[in-house]
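Asks:
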Amino acid sequence: MMSVELIKAVGDVQLGNPDVNGKNENDEDDDVNPWNVFTKSQTGVDYDKLIKRFGSSKVDDELLARFEKITGKPNHHLLRRGIFFSHRDMHTILNLYEQKKPFYLYTGRGPSSKAMHLGHLIPFIFTKWLQDVFDVPLIIQLTDDEKFLWKDLKLEDAISLAKENAKDIIACGFDVEKTFIFSDLNFIGHCPEFYQNMVRIEKCVTFNQVKGIFGFGDSDVIGKISFPAIQAAPSFSSSFPFIFGKEKVPCLIPCAIDQDPYFRMTRDVAPRLGYHKPALLHSSFFPALQGAQTKMSASDPNTSIFLTDTPKQIKNKVNKHAFSGGQATIEEHREKGGNCDVDISYRYLTFFLEDDERLEQIRKDYTSGALLTGELKKELIDVLQPIVSKHQERRAQVTDEVLQTFMTPRKLKFGC
Ligand code: TRP
Numbered sequence: 013m014m015s016v017e018l019i020k021a022v023g024d025v026q027l028g029n030p031d032v033n034g035k036n037e038n039d040e041d042d043d044v045n046p047w048n049v050f051t052k053s054q055t056g057v058d059y060d061k062l063i064k065r066f067g068s069s070k071v072d073d074e075l076l077a078r079f080e081k082i083t084g085k086p087n088h089h090l091l092r093r094g095i096f097f098s099h100r101d102m103h104t105i106l107n108l109y110e111q112k113k114p115f116y117l118y119t120g121r122g123p124s125s126k127a128m129h130l131g132h133l134i135p136f137i138f139t140k141w142l143q144d145v146f147d148v149p150l151i152i153q154l155t156d157d158e159k160f161l162w163k164d165l166k167l168e169d170a171i172s173l174a175k176e177n178a179k180d181i182i183a184c185g186f187d188v189e190k191t192f193i194f195s196d197l198n199f200i201g202h203c204p205e206f207y208q209n210m211v212r213i214e215k216c217v218t219f220n221q222v223k224g225i226f227g228f229g230d231s232d233v234i235g236k237i238s239f240p241a242i243q244a245a246p247s248f249s250s251s252f253p254f255i256f257g258k259e260k261v262p263c264l265i266p267c268a269i270d271q272d273p274y275f276r277m278t279r280d281v282a283p284r285l286g287y288h289k290p291a292l293l294h295s296s297f298f299p300a301l302q303g304a305q306t307k308m309s310a311s312d313p314n315t316s317i318f319l320t321d322t323p324k325q326i327k328n329k330v331n332k333h334a335f336s337g338g339q340a341t342i343e344e345h346r347e348k349g350g351n352c353d354v355d356i357s358y359r360y361l362t363f364f365l366e367d368d369e370r371l372e373q374i375r376k377d378y379t380s381g382a383l384l385t386g387e388l389k390k391e392l393i394d395v396l397q398p399i400v401s402k403h404q405e406r407r408a409q410v411t412d413e414v415l416q417t418f419m420t421p422r423k424l425k426f427g428c
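Position in the sequence shown (first residue = 1) + 12 = the working numbering.
(1) So, for aspartate 412: in the same chain, excluding its five sequence neighbours on each side, which residues have a beta-carbon less than 7 Å away from its beta-carbon?
(2) DSSP three-state label for aspartate 144, please.
(3) Any beta-carbon of chain B closer than 9 Å to the one on serine 172?
(4) Please list the terminal residues of the continuous beta strand (DSSP E) segment that includes proline 266.
(5) On the CB-based measure, 16 or more other CB atoms within 10 Å of its CB, does glycine 286 come out buried or exposed?
(6) Roughly how many whole angstroms lie between the Cα atoms of arginine 406 and cysteine 184?
(7) What separation, rounded to the nearest whole angstrom, lies between the Cα atoms of isoleucine 95 and lysine 215?
(8) Please return the same chain residues whose Cβ sits closer than 6 Å to the Cβ of leucine 383, not counting the five positions on each side in sequence.
(9) Quick one: does the C-beta of arginine 121 sit closer than 8 Å to a heavy atom of the ligand TRP?
(10) Applying the 10 Å Cβ sphere with the 16-neighbour rule, what's the burial state of methionine 13?
(11) From glutamine 5 to proline 246, what distance separates their C-alpha atoms?
(12) Once DSSP output is grouped into helix, strand and coil, what is the label at asparagine 45?
(13) Quick check on this structure: which residue in Arg100, Phe192 and Ile242 has the alpha carbon closest to the alpha carbon of aspartate 157?
(14) Using the Cα positions of leucine 197 and lysine 175, report the straight-line distance between them to the nearest angstrom.
(15) Is tyrosine 109 closer than 9 Å to proline 149 when the C-beta atoms are compared?
(16) For proline 299, does the three-state DSSP call read helix, strand or coil?
(17) Classify serine 195 as helix, strand or coil using the three-state DSSP reduction.
(18) Any idea what DSSP makes of glycine 34, helix, strand or coil?
(19) Would you report the Cα separation of alanine 181 and proline 86, rounded to the nearest angstrom?
(20) Tell me the residue span of the alpha helix (DSSP H) that contains phenylalanine 335.
(21) Using a Cβ-Cβ cut-off of 6 Å (strictly less than) and excluding sequence neighbours within five positions of alanine 77, which residues of its own chain qualify?
(22) Glycine 120 lies in the beta strand (DSSP E); which residues open and close that run?
(23) Going by DSSP, name the residue or residues bridged to arginine 375.
(24) Taking only heavy atoms of the ligand TRP into account, decide whether any of them is closer than 8 Å to the Cβ of isoleucine 265.
(25) Indicate the three-state DSSP secondary structure (helix, strand or coil) for arginine 100 in the structure shown.
(26) What residue from Thr139, Ile171, Ile326 and Ile225 has the CA that sits closest to methionine 277's CA?
(27) State the Cα-Cα distance for the pair phenylalanine 2 and aspartate 368, rounded to the nearest angstrom.
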């Protein structure tokens, strides 16, 4: 297991913020890095602590108010409810939008399994909303090379997983005129400018530094050691000359907070290359069915609800595995009430039930004991089943031709 100390130990190099990355001996910090998320706490990772440690900024009421004022639209519930809870330079992005200056969105996915799960959808659902409200181009990187290097996967299989996952991503509703999806293994060899940026980045970061940020060791394969440059390169618009020409267009990256180490590195090298630092919006993790100590993981089918699950499977998984904050008996539950802070069904509703009033009613009723665990689970099942079925219907519409169009390097439409 990769220790969080390793990804925080950037104080001795130029990367990161030395003040926030030091860890004292007895610190029982949560483990959060691109390969692992674990906390001892039942309520999940301590996100305020993480903001301090990573040196990012909290998505506070002021930013939320500014978001609504500038976009003229109500904030997405994932933003309103603090699921996207941390950022870097989001005010700069809002300033650009206010001044009608361009920026673009960049996000990605490591295709490690055929079936994506509900947690994988979160950044894409939110990114789609960002694309709609800001009317900006979006670039989606599929890191099939990363999964080949890290997992026990054949190269050919990594390539085909990227295609399968791209179809699920397209099914989230992205605008084909404004979205370019690429897989590293197919695209990079055709785009000299992308490779040139990779090499520029590689020249700025020493082995010592990536060891500090990512915890690489002497026996890690060299592909892993240079991989961060590949995830960093799409943050710079000059990597995509067919979209941006020679213009230096700033970038906003919505992602789960575990990806931040890549972009701390990117932000550090950007000024040295004469590029804009990418801005970031970080999400918290989508918890496993078994509880908020870890995130949903495709490698353990019982922790996850897959986008391929049938209504019956969803029902059974929620009923059987969703960790409950309820009491042991009905009498006790009526008397003491349930605990929404640890209850996974309630937590999932905060991600997927859009209606604020309904959610608040459920919270009150569960907390008072008026709503029983079985009833709460039913609420969740009723919300999730149609979301997953509709996703399956949309995915079935994504033909190979549609996929091909999204993945063809081409000009994209700019709103401003
Ligand atoms: N490394 C990410 C993963 O394993 C994939 C990724 C590539 C990504 N570029 C990104 C995620 C940009 C968020 C933003 O899933």
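All C-beta atoms, glycine included, are put in the ideal place defined by N, C-alpha and C. Predicted model only: the values in this text are computed from it and were never measured.
Replies: On the basis of the supplied data:
(1) Against the sequence shown, residue 412 aligns to sequence position 400. Same-chain partners within the cutoff: there are none.
(2) Taking the first residue of the sequence shown as 1, we reach residue 144 at position 132. Looking at aspartate 144 - three-state DSSP - the assignment turns out to be helix.
(3) Among the protein chains of the structure shown there is no chain B, as only one such chain exists.
(4) Here the question's residue 266 lines up with position 254 in the sequence shown. 263-268 is the span of the beta strand (DSSP E), which, as asked, contains proline 266.
(5) For this step, residue 286 is matched to residue 274 along the sequence shown. Answer is exposed; the Cβ neighbour count stays below 16.
(6) Residue mapping note: residue 406 aligns to position 394 of the sequence shown, counting from 1. Residue mapping note: residue 184 aligns to position 172 of the sequence shown, counting from 1. Distance from the CA atom of arginine 406 to the CA atom of cysteine 184, rounded to whole angstroms, is 8 Å.
(7) For this step, residue 95 is matched to residue 83 along the sequence shown. For this step, residue 215 is matched to residue 203 along the sequence shown. Cα to Cα, isoleucine 95 sits roughly 36 Å from lysine 215.
(8) For the purposes of this step, residue 383 is taken as residue 371 along the sequence shown, with counting starting at 1. The answer, listed in chain order, is Asp377.
(9) Looking up residue 121 in the sequence shown gives position 109. Answer for arginine 121: yes, Cβ within range of the ligand TRP.
(10) As a working mapping, residue 13 is identified with position 1 in the sequence shown. For methionine 13, the pLDDT reaches just 34, beneath the cut-off of 50, and the residue's location in the model is therefore unreliable, although a value from the coordinates is still provided. Exposed.
(11) The chain is shown only over 13 to 428; residue 5 falls outside these bounds and no answer can be derived.
(12) Numbered from 1 along the sequence shown, position 33 holds the residue referred to as residue 45. Residue state, collapsed to three classes: strand.
(13) Within the sequence shown, residue 157 is the residue found at index 145, counting from 1. Checked all of Arg100, Phe192 and Ile242; the closest Cα to aspartate 157 is Ile242.
(14) Along the sequence shown, read from residue 1 onward, the residue named residue 197 stands at position 185. Along the sequence shown, read from residue 1 onward, the residue named residue 175 stands at position 163. Whole-angstrom Cα-Cα distance: 11 Å.
(15) What you label residue 149 is simply residue 137 of the sequence shown in a count that begins at 1. What you label residue 109 is simply residue 97 of the sequence shown in a count that begins at 1. Tyrosine 109 is positioned such that its CB atom lies no closer than 9 Å to that of proline 149.
(16) Residue 299 sits at position 287 when you count from the first residue of the sequence shown. Looking at proline 299 - three-state DSSP - the assignment turns out to be strand.
(17) Working through the sequence shown from its first residue, we reach residue 195 at position 183. Looking at serine 195 - three-state DSSP - the assignment turns out to be strand.
(18) Taking the sequence shown and counting its residues from 1, one reaches residue 34 at position 22. Reliability fails at glycine 34, whose pLDDT of 35 lies under 50, so the model's placement of it is uncertain and the value that follows must be treated cautiously. DSSP places glycine 34 in coil when its eight states are reduced to three.
(19) In the sequence shown, the residue the question calls residue 181 occupies position 169. In the sequence shown, the residue the question calls residue 86 occupies position 74. Correcting the residue identity first, residue 181 is isoleucine in this sequence and not alanine. Roughly 24 Å between the two C-alpha positions.
(20) Taking the first residue of the sequence shown as 1, we reach residue 335 at position 323. Premise fails: phenylalanine 335 is in no alpha helix (DSSP H) and is neither H nor E.
(21) Mapped onto the sequence shown, residue 77 falls at position 65. Answer for alanine 77: no residue qualifies.
(22) By one-based count along the sequence shown, residue 120 stands at place 108. Start and end: 116-121.
(23) Counting from one through the sequence shown, the residue named residue 375 turns up at place 363. Residue pairing of arginine 375 in beta bridges, as defined by DSSP: absent, with no partner found.
(24) On the sequence shown, residue 265 is found 253 positions in, with the first residue counted as 1. Checking the Cβ of isoleucine 265 against the ligand TRP gives yes.
(25) Here residue 100 refers to the residue found at position 88 of the sequence shown. Strand.
(26) The sequence position of residue 277 within the sequence shown is 265, counting from 1. For methionine 277, the nearest C-alpha among the options comes from Ile225.
(27) The requested residue 2 is not part of the displayed model; the chain covers only 13 to 428.
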